[in-house]
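Q: Can you keep this structure in mind? I'll have questions shortly.
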Amino acid sequence: MNASYDKLMKCFESFKEKVDFKPKAAIVLGSGLGDFADTIEVEAELSYSEIEGFPVSTVPGHAGKFIFGYVGDVPVVCMKGRVHFYEGYPISDVVLPIRLMKLMGAEILFLTNASGGVNYDFKAGDLMLITDQISCFAPNPLIGANIEELGTRFPDMSTVYDRDLQDILREAARESGVPMKEGVYVQLTGPSFESPAEIRMIRTLGGDAVGMSTVVEAIVANHMGMRICGISCVCNLAAGMTENPLTHVEVQEAADKAAPLFTKLVSESVKRF
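For the sequence shown, the residue numbers in full-length UniProt numbering are 1 to 273.
Here you go:
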């Protein structure tokens, strides 16, 4: 048996022993955006450390647990904190939580993250609808023997971010009075912030925001047939666009300020799923 698949199934069995809940949507909360979890009508919680073999988040601002419950009438599983490639985990572990939530029953994946703005029209605190993605230097999580039980060898990536879900997010933003930009999200590996030259490269490639997560998660979700949507919280302007050095504290502070609008947008969107 494929070692990654074997590990995934062991995590799934461990989950089933502890929680009896079938979500429709899975939500991944990025740095500083965990307060959204407080709006969920909670049915159960499960720390990552309670799941045998599950990778544990080590980043400040990532609580490291699954929350199960309802947003409106929609059953959801929420990841309060994700695992990143830069933490030293193999890429198969980084995407394991996404695969696990699909096995739990989730058909929709709502990805969120904190990012640096590459587009000069963006400012700190903006929310950006992710319309497409670019992977730079992050290893493709589908490299290696294909796990046939999960998806096809060569998945199409033409519409990673579901167009109907994008329309739902646009409608929710408009009716909630939440300003929302749109653009292409780029993932680099981190943990160092990007250099000014790398930011110029990303802008040339067509990127609008950059971060250290999300793209590899969307790849495996697409591989498994999930419908995907995403919101990026622009927490600063990227390197070389201002005179200020970049810090993780700055990212968390900007995400905290944007949290009320972010929470409102995600809640209203999920209720429409």
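A virtual CB, placed ideally from N, CA and C, is assigned to each residue, including glycine. This structure is a prediction, so every number in the text was calculated from the model and none was measured.
Can you pull the DSSP bridge partners for VAL28?
A: MET79 and LEU111
Q: So is GLU268 buried or exposed if we call it buried at 16+ other beta carbons inside 10 Å?
A: buried
Q: Tell me, please, which residues DSSP counts as bridged to ARG227.
A: ILE108
Q: If I follow the unbroken beta strand (DSSP E) through ILE67, where does it start and stop?
A: Under the DSSP assignment, ILE67 falls in the beta strand (DSSP E) whose first and last residues are 65-71.
Q: Expressed to the nearest angstrom, what Euclidean distance is found between the alpha-carbon atoms of SER46 and ILE199?
A: First, the residue type needs correcting, since residue 46 is Leu and not Ser in the sequence shown. Roughly 38 Å between the two C-alpha positions.
Q: Quick check on SER49: does DSSP put it in helix, strand or coil?
A: helix
Q: Nearest to LYS7 by CA position, among ASP93, ASN236 and TYR48, is which residue?
A: If we check each option's Cα against that of LYS7, ASP93 comes out closest.
Q: Is the stretch 222-239 touching the stretch 143-163, taking contact as three or more C-beta pairs under 8 Å?
A: yes
Q: Nearest CA to the CA of VAL234: which residue from ALA258, GLU52 and SER135?
A: ALA258
Q: Strictly by DSSP, which residues pair up with GLN133?
A: TYR185
Q: Going by DSSP in three states, GLY116 sits in which element: helix, strand or coil?
A: strand
Q: From ALA106 to ALA26, what does the alpha carbon distance come to, in whole angstroms?
A: 6 Å
Q: When DSSP labels each residue in this structure, what does SER232 get in the three-state scheme?
A: strand
Q: Mind checking ASP121: buried by the 16 CB within 10 Å criterion, or exposed?
A: exposed
Q: Under the rule that 16 or more other beta-carbon atoms within 10 Å means buried, what is LEU237, buried or exposed?
A: Buried is the call here.
Q: Measuring straight from C-alpha to C-alpha, what distance separates VAL42 and PHE85?
A: 29 Å
Q: Rounded to the nearest angstrom, what separates LYS123 and MET180 at their Cα positions?
A: 12 Å
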